[in-house]
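Reading through the structure tokens given below for one structure.
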Amino acid sequence: MTADVSSVQPKLLLFAAAAVVLILLALLPPFIGLYQTQLLIYGLIAAIAALGFNLLLGYTGLLSFGHSAFFGIGAYSVAFLLRDAGIRSMELYILIGLPVAALTSALFGYICVRHTRIFFGILTLALSQVLWTLTYKFFWVTGGSDGLRVARPTLLAGMVSFTGRDAFQRFINGYYYYVLAVFAICVVIMWVIVHSPFGKALQAIRDNETRAAFLGLRIRRFRWVAFLISGTFTGLAGILWVPLNGLTTPEVLYWPFSGEIVFMTLLGGFRNFTGPIVGGILFTYLKTYAVAATEYWQLLLGVVLVLLVMLLPTGIVGAISAAATKLRWKEKPA
Amino acid sequence: MILLETVDLSKQFGDVHACDRVNFTVNKGEFLSLVGSNGAGKTSLVNLISGHLTPDSGRILFEGKDITFAKVYERIRAGIARSFQIVNLFDALTVFDNVALSIFSRERKIAKIAALADRDRDVRRETFDVLGQFGLADKSAVPAGGLAQGERKLLDVAVAYALRPKLLFLDEPTSGVSTRDKTQIMDTVSSVVRAGAVTAVVIEHDMDVVFRYSDRIVMMHEGRFLADGTPEAIKANRDVANILLGVPLSA
Numbered sequence: 338m339t340a341d342v343s344s345v346q347p348k349l350l351l352f353a354a355a356a357v358v359l360i361l362l363a364l365l366p367p368f369i370g371l372y373q374t375q376l377l378i379y380g381l382i383a384a385i386a387a388l389g390f391n392l393l394l395g396y397t398g399l400l401s402f403g404h405s406a407f408f409g410i411g412a413y414s415v416a417f418l419l420r421d422a423g424i425r426s427m428e429l430y431i432l433i434g435l436p437v438a439a440l441t442s443a444l445f446g447y448i449c450v451r452h453t454r455i456f457f458g459i460l461t462l463a464l465s466q467v468l469w470t471l472t473y474k475f476f477w478v479t480g481g482s483d484g485l486r487v488a489r490p491t492l493l494a495g496m497v498s499f500t501g502r503d504a505f506q507r508f509i510n511g512y513y514y515y516v517l518a519v520f521a522i523c524v525v526i527m528w529v530i531v532h533s534p535f536g537k538a539l540q541a542i543r544d545n546e547t548r549a550a551f552l553g554l555r556i557r558r559f560r561w562v563a564f565l566i567s568g569t570f571t572g573l574a575g576i577l578w579v580p581l582n583g584l585t586t587p588e589v590l591y592w593p594f595s596g597e598i599v600f601m602t603l604l605g606g607f608r609n610f611t612g613p614i615v616g617g618i619l620f621t622y623l624k625t626y627a628v629a630a631t632e633y634w635q636l637l638l639g640v641v642l643v644l645l646v647m648l649l650p651t652g653i654v655g656a657i658s659a660a661a662t663k664l665r666w667k668e669k670p671a
Numbered sequence: 004m005i006l007l008e009t010v011d012l013s014k015q016f017g018d019v020h021a022c023d024r025v026n027f028t029v030n031k032g033e034f035l036s037l038v039g040s041n042g043a044g045k046t047s048l049v050n051l052i053s054g055h056l057t058p059d060s061g062r063i064l065f066e067g068k069d070i071t072f073a074k075v076y077e078r079i080r081a082g083i084a085r086s087f088q089i090v091n092l093f094d095a096l097t098v099f100d101n102v103a104l105s106i107f108s109r110e111r112k113i114a115k116i117a118a119l120a121d122r123d124r125d126v127r128r129e130t131f132d133v134l135g136q137f138g139l140a141d142k143s144a145v146p147a148g149g150l151a152q153g154e155r156k157l158l159d160v161a162v163a164y165a166l167r168p169k170l171l172f173l174d175e176p177t178s179g180v181s182t183r184d185k186t187q188i189m190d191t192v193s194s195v196v197r198a199g200a201v202t203a204v205v206i207e208h209d210m211d212v213v214f215r216y217s218d219r220i221v222m223m224h225e226g227r228f229l230a231d232g233t234p235e236a237i238k239a240n241r242d243v244a245n246i247l248l249g250v251p252l253s254a
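Pasting the structure below:
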């Protein structure tokens, strides 16, 4: 069938492009130095958080202002596992931290998806701030505003550990490939989800809830599962982030951090798959250099956000994609 | 054989009786038209039966089972589907995806999360089959928002039809399209529905269309049934003619 051939070709191109990007990312560290490698790890982690967040915003049409909660839950799970159980294995952090993030997302989602639009956003914001307050007030458990320190974990079931000379350098280089592998797995999983019947149903619910209900879809249940997956991805980002940062404080649960996840997604573009990935990485660099450049870095980011919404409402990837489409039309003979 | 029956079904909005103790039956296999002036209660009746509205009183029986308070998805699983007066599609999705979603839902594959939607060969084949029946196969890759009005109307019906319902409600399938498109749409819809042995209830204002395609016609007025009969009987009914011409009813 012609339709089959025409749909297979762009997919092959997409896979080829993804493979090239992955290879380039894998080759980068020796050329960019330790600091840039460290920044790139932060960027990849932010991309995982934004990728999860966008399942809710871009594909389900629900704007959450509370995703800091799941990031924070992931980060604090690791800190508690280290402090209270003496666990140092990154794989155990992920294996135990992920269900914790999933359970929290399931609980928050159960409450929040009963509403949509601004009511949904306010509920997510309120619940995340409850967690933030608890983290601050229960300082004998959470360390309060001082937070909890997290030492460098072992990787690959304890086969790779980071002690002795050049430990930091070896950790950054090793952890980069670890995070890159997790990032690649996350991208593949999310790509399958959004192209599955479930993912198509989410897009249908986003576009026309009434009609989706008259196809027999149980709208609230679909939204709840989307929320759960979204929160779990963001929780995973928190789990990966804290060993790199070495410390978790209540700041990661505070609402401005939820705003940063929204910012990342808008920066790249929420109406396409790669937008949040690009947005997550770019935002990490943007914030780092803004903080280094001026003490009024929030103002600078605010101006960027305003300009972004006014000039590039579909985000950077959305704008590039639109320009490419225009170019293709121009090249076509009349 | 009675497929659907309502018993004293009522719905009131403030002082307005949208449906006033309506006793409505649909027989298996018929192509029935529901007519009446604006505000007669036709769409309200369909909304009550399809689960879009909850009745104030009365009962709805489908294949003998009480579905009065069944949820929308339960009614769809039972075999009731509908299209909408104002075209109601997933505009950002392709024509193919719009129809495929109905098939995934019907086959209970819609919650599949670890499989690619376009890899399901059975769904793909059936989707192209349905699109072919409605003359939309060559538009399969176009976003639904990019279709012309007549094509959107057809797709709206195709999405409901792909659920393979036993009873299909079509709310004004030809509104807002040209006279030429009306005939084309109704020819396509009636032939597909009859070929699929689907019972259809069509809400329609164009009486030429109604008389041409219907097995039976039911006329509503101010929330109640005014007339019920074959096209010939309805044509001969003076009250119906008076309503259609805007003349007050005889005492």
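Protein chains in written order, with this note's numbering: chain A, 338 to 671; chain B, 4 to 254.
Just so it is clear, CB atoms sit at the ideal spot from N, CA and C, and this is done for glycine as well.
*Contact under 8 Å by Cβ, F594 (chain A) with S405 (chain A)*: yes
*Is it buried or exposed for V640 (chain A), if we count other Cβ within 10 angstroms and need 16 for buried?*
exposed
*Indicate the three-state DSSP secondary structure (helix, strand or coil) for A254 (chain B) in the structure shown.*
A caution first: A254 (chain B) carries a pLDDT of 44, below 50, which makes its placement in the model unreliable, though a value can still be read off. In the structure shown, A254 (chain B) sits in coil (DSSP, three-state: anything other than H, G, I, E or B).
*Expressed to the nearest angstrom, what Euclidean distance is found between the alpha-carbon atoms of F390 (chain A) and G398 (chain A)?*
11 Å
_Bridge partners - P650 (chain A), DSSP secondary structure assignment_ = For P650 (chain A), which the question treats as bridged, DSSP gives no partner whatsoever.
*Taking only runs that begin and end inside the segment 179 to 208 of chain B, name each unbroken beta strand (DSSP E) of 3 or more residues, in chain order.*
202 to 206
*If you count every other CB in all the chains shown that lies within 10 Å of the CB of P58 (chain B), and 16 or more means buried, which is it?*
buried
_Given this structure, state the Cα-to-Cα distance separating V221 (chain B) from G199 (chain B), to the nearest angstrom._
23 Å
*Checking contacts by CB at 8 Å: is R80 (chain B) closer than that to chain A?*
yes
_I'd like the ranges of any alpha helix (DSSP H) spanning at least 4 consecutive residues and lying wholly in the segment 206 to 242 of chain B._
210 to 216, 234 to 238
_I113 (chain B) at chain A interface by Cβ criterion, 8 Å_ = yes
*asked:* Is S36 (chain B) close to chain A? Criterion is C-beta to C-beta, closer than 8 Å.
replied: no
*Go through its chain and collect everything with a Cβ distance to Q152 (chain B)'s Cβ below 8 Å, but skip five positions before and after it.*
V90, G179, V180, D184
*Below 6 Å CB to CB, which residues in the same chain sit around E175 (chain B) once its five sequence neighbours on both sides are set aside?*
Q88, I206
*What does F107 (chain B) reach in chain A if we use C-beta pairs closer than 8 Å?*
P534, K537, A538
*For T168 (chain B), does the three-state DSSP call read helix, strand or coil?*
Note that residue 168 (chain B) is Pro in the sequence shown, not Thr. Looking at P168 (chain B) - three-state DSSP - the assignment turns out to be coil, as it is neither helix nor strand.
*Can you tell me which of the three DSSP states R255 (chain B) falls into?*
In this structure chain B extends from 4 to 254, so residue 255 (chain B) is not present and cannot be described.
*asked:* Does S442 (chain A) pass the burial test, meaning 16 or more other C-beta atoms within 10 Å, or should it be called exposed?
replied: buried
*Cβ of A239 (chain B) less than 8 Å from any chain A Cβ?*
no
*Is the shortest distance between the beta-carbon of L7 (chain B) and the beta-carbons of chain A less than 8 Å?*
no
*Use the C-beta contact count for R451 (chain A): other C-beta atoms within 10 angstroms, 16 or more gives buried, fewer gives exposed.*
exposed
*Whose C-alpha, out of A:F352, A:F407, A:S567, is nearest the C-alpha of W592 (chain A)?*
A:F407
*Along the chain, where does the beta strand (DSSP E) that runs through R85 (chain B) open and close?*
83 to 85
*Mind checking which residues open and close the alpha helix (DSSP H) that includes D11 (chain B)?*
Counting along the chain, D11 (chain B) falls outside any alpha helix (DSSP H), though it belongs to the beta strand (DSSP E) covering 5 to 16.
*On the three-state DSSP scale, how would you describe I63 (chain B)?*
strand
_Under DSSP, the alpha helix (DSSP H) around V564 (chain A) begins and ends at which residues?_
Just to set this straight, residue 564 (chain A) is Phe in the shown sequence, not Val. It spans 556 to 582 - the alpha helix (DSSP H) in which F564 (chain A) sits, taken as one unbroken run.
*Between S426 (chain A) and the rest of its own chain, which residues show a CB-CB distance below 7 Å, the 5 nearest in sequence each way excluded?*
P490, T491, A494, G495
*Determine which residues of the segment 158 to 170 of chain B have a Cβ less than 8 Å from any Cβ of chain A, and write them out in chain order.*
V162, A163, L166
*Would DSSP call L664 (chain A) helix, strand or coil?*
helix
*S465 (chain A) lies in the alpha helix (DSSP H); which residues open and close that run?*
454 to 474
*Going along chain B, which residues have a C-beta under 8 Å from N545 (chain A)?*
N91, L92, F93, D94
*Can you check DSSP and say which residues form a bridge with P146 (chain B)?*
B:T97
*asked:* Going by beta-carbon coordinates alone, are T2 (chain B) and F27 (chain B) separated by less than 8 Å?
replied: For chain B, the structure presents residues 4 to 254; residue 2 (chain B) sits outside this window and is missing.
*asked:* Is there a Cβ of chain B sitting closer than 8 Å to that of T339 (chain A), yes or no?
replied: Unreliable positioning characterises T339 (chain A) in this predicted model, as indicated by a pLDDT of 40, which lies under 50. The coordinate reading is nonetheless provided below. Not an interface residue.
_So V205 (chain B) contacts chain A; which residues on that side make the cut at Cβ distance below 8 Å?_
Neighbours of V205 (chain B) on chain A: none; closest Cβ ~17 Å, over 8 Å.
*Are the segment 53 to 73 of chain B and the segment 518 to 531 of chain A touching by the rule of at least three beta carbon pairs closer than 8 Å?*
no
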